[in-house]
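In what follows, a structure is listed as structure tokens, so that the remarks can point back to it.
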Amino acid sequence: MEPEWIWGLAGGLLIGLGGAVLLWGNGRIMGASGIVGGLVDGSGRADWADRLAFLAGVFGMPLLLYPLFTEVDTHISQNLTVLVAAGLLVGIGTRLANGCTSGHGVCGISRFSWRGIVATLFYLLAGGVSVLLFRHIWGII
Amino acid sequence: MRLLFSLFSGLLFGAGLFISGMTDTTKVQGWLDIFGAWDPTLAFVLGGAIIPMFFAWRLSTGRRPVTAAQFPPPPPVKIDRRLAIGSLLFGAGWGLAGLCPGPAIASLGYGGVFHWVFFGAMLVGMGLTPYILRNFPRLSGA
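In order, the protein sequences belong to chains R and D. First residue of the first sequence: 3, per my numbering; consecutive thereafter. First residue of the second sequence: 1115, per my numbering; consecutive thereafter.
So, in structure tokens, the structure goes:
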């Protein structure tokens, strides 16, 4: 079994290339929460087809790759309360902050955006505290 | 042409999320588990993703994208309440379930029904945000 960090690095490079294609092709920032959120709240009505094409790629590519990596497991929680609460937090949080791991993290940090750097520090901090509380202190996850 | 760039970008993004382990909730929670058995793999994902984007931004000065008039304007510098509170809420949810928005979409096709539950709740949260902002004007720092 090859070291996992190689897969992480290779996947990361592909993610960054995806961002570069959207930036150089369409002049847009590749932020997953903004692209989906604009369709949900109507703020992205003007370029809905671009957004759907992007999402089709994000949805479709893992589906094509999955048969080659059948040992892959997402280990998702099966606790509905946990899933709904986490989904609401992620949905509201990313729309309030105007970005998530891809927009603020990848596209923001790479151009030394203060907002991107601060947002990333905040969600990493909150994520660390969340795992500490829910895993180690309350034992829910 | 715009659609092709969007689709191609999505395909690369989806492939990267899939092979990097970002859709594996245990791996993500391991990376966030700073106080426990910390798994540093995802640092390589973020680091790897920043490299092509760094050059993409660097080379963009004085040029223009293929299908658009200009590149995005420089980012605003103002750190406001919305950014801080939103990022904290997002991080809390990310730690709780181990999914952020990109991987939540990338895993829908093969991950099973529990991924759709998370995705549905995320969409509801996104749809609620304009109402939350309207009822809590202080969130915007106004």
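Even for Gly, the Cβ is constructed at its ideal location relative to N, Cα and C.
{"Item": "Consult DSSP for residue 1094/D and reduce its assignment to one of helix, strand or coil.", "Value": "Any question about residue 1094/D goes unanswered here, given that chain D covers just 1115 to 1256."}
{"Item": "What does the Cβ neighbour count give for residue 1152/D, buried or exposed, with the cut at 16 atoms within 10 Å?", "Value": "exposed"}
{"Item": "Between residue 6/R and chain D, is there a C-beta pair that is closer than 7 Å?", "Value": "yes"}
{"Item": "Would you mind working out which of 1215/D, 1165/D, 1180/D sits nearest residue 27/R, comparing C-alpha positions?", "Value": "1180/D"}
{"Item": "Taking residue 1251/D as the query, report the chain R residues whose CB atoms sit under 7 Å from its CB, ordered along the chain.", "Value": "The contacting residues do not exist; residue 1251/D stays about 13 Å from chain R at best."}
{"Item": "Using a Cβ distance threshold of 8 Å, determine whether the stretch 1194–1201 of chain D contacts the stretch 131–141 of chain R, with at least three qualifying pairs required.", "Value": "no"}
{"Item": "Taking 7 Å as the threshold (C-beta atoms), are residue 34/R and residue 1186/D in contact?", "Value": "no"}
{"Item": "Could you pull out every unbroken beta strand (DSSP E) segment of at least 3 residues lying fully inside the stretch 1115–1184 of chain D, listed in chain order?", "Value": "none"}
{"Item": "How would you write the range of the alpha helix (DSSP H) that residue 125/R sits in, first residue to last?", "Value": "116–133"}
{"Item": "Measuring only the C-alpha atoms, how far is residue 1204/D from residue 32/R?", "Value": "18 Å"}
{"Item": "For residue 1131/D, tell me which candidate among 1148/D, 1117/D, 1156/D has the shortest Cα-Cα distance.", "Value": "1156/D"}
{"Item": "Just to confirm, are residue 20/R and residue 1126/D a CB contact at a threshold of 7 Å?", "Value": "yes"}
{"Item": "Let me know if residue 70/R comes out buried or exposed under the rule of 16 or more other beta-carbons within 10 Å of its beta-carbon.", "Value": "exposed"}
{"Item": "To the nearest angstrom, how far is it from the Cα of residue 76/R to the Cα of residue 1176/D?", "Value": "43 Å"}
{"Item": "Could you check where the alpha helix (DSSP H) with residue 1251/D kicks off and where it finishes?", "Value": "Here residue 1251/D belongs to no alpha helix (DSSP H), and DSSP marks it neither H nor E."}
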